[in-house]
Amino acid sequence: RAPLLANLNLQTEMYAFLGGVSKKLGCPPIIIGGTADHVHLLCQLGRTISLADWVKELKRISSIWVKKRDPGLATFGWQSGYGSFSVSKSNLDTVRKYIADQKKHHKERSFQDEYRTLLRKHGLEWDEQYVWE
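Note that full-length UniProt numbering has the sequence shown beginning at 1, numbered continuously upward.
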């Protein structure tokens, strides 16, 4: 995991771009945030696209965009996997705040620690060998 979104202008543009692509795919974004090395996108999943296809298209289209926008990022690529969690309406504000506070949150703990905690909290199993590829 490389901090390829360390440039704050690029980060802001990437979030806006991802939001636009998500909307065009029928999945209106609620909030997008993250840090230099990962992105959180909370959206309402559309009725006509599967989660896997949505992620695949977001990654494909945004990879092309970022390489054209900044030739210095010609090797940019998203990791092969992704994490996805459904959110109940009653937890929407909590998740929205969590995403909005990513930069502050990650001053205290790494993405890896954050993800492990989330997986443990929800009783999900994982293999360290594969989860970070």
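Just so it is clear, CB atoms sit at the ideal spot from N, CA and C, and this is done for glycine as well.
{"Asked": "Rounded separation between Ile61 and Thr12 - CA only", "Found": "17 Å"}
{"Asked": "contact_flag[the stretch 94-112, the stretch 58-77] where n(CB pairs < 8 Å) is 3 or more", "Found": "no"}
{"Asked": "Alpha carbon of Ser88 to alpha carbon of Ala74, nearest angstrom", "Found": "38 Å"}
{"Asked": "Inter-residue spacing [alpha-carbon to alpha-carbon] between His40 and Gly33", "Found": "5 Å"}
{"Asked": "Assigned exposure category for Tyr130 - 16 Cβ within 10 Å defines buried", "Found": "exposed"}
{"Asked": "Assigned exposure category for Ser22 - 16 Cβ within 10 Å defines buried", "Found": "buried"}
{"Asked": "Contacting residues, own chain, Cβ-Cβ under 8 Å from residue 142 (five flanking each side not counted)", "Found": "With the chain covering only 1 through 133, there is no way to say anything about residue 142."}
{"Asked": "Environment of Leu4 [buried if 16+ CB atoms lie within 10 Å]", "Found": "buried"}
{"Asked": "C-beta contact flag for residue 136 and Phe85 at 9 Å", "Found": "Here the chain comprises residues numbered 1 to 133, so residue 136 is not present and cannot be evaluated."}
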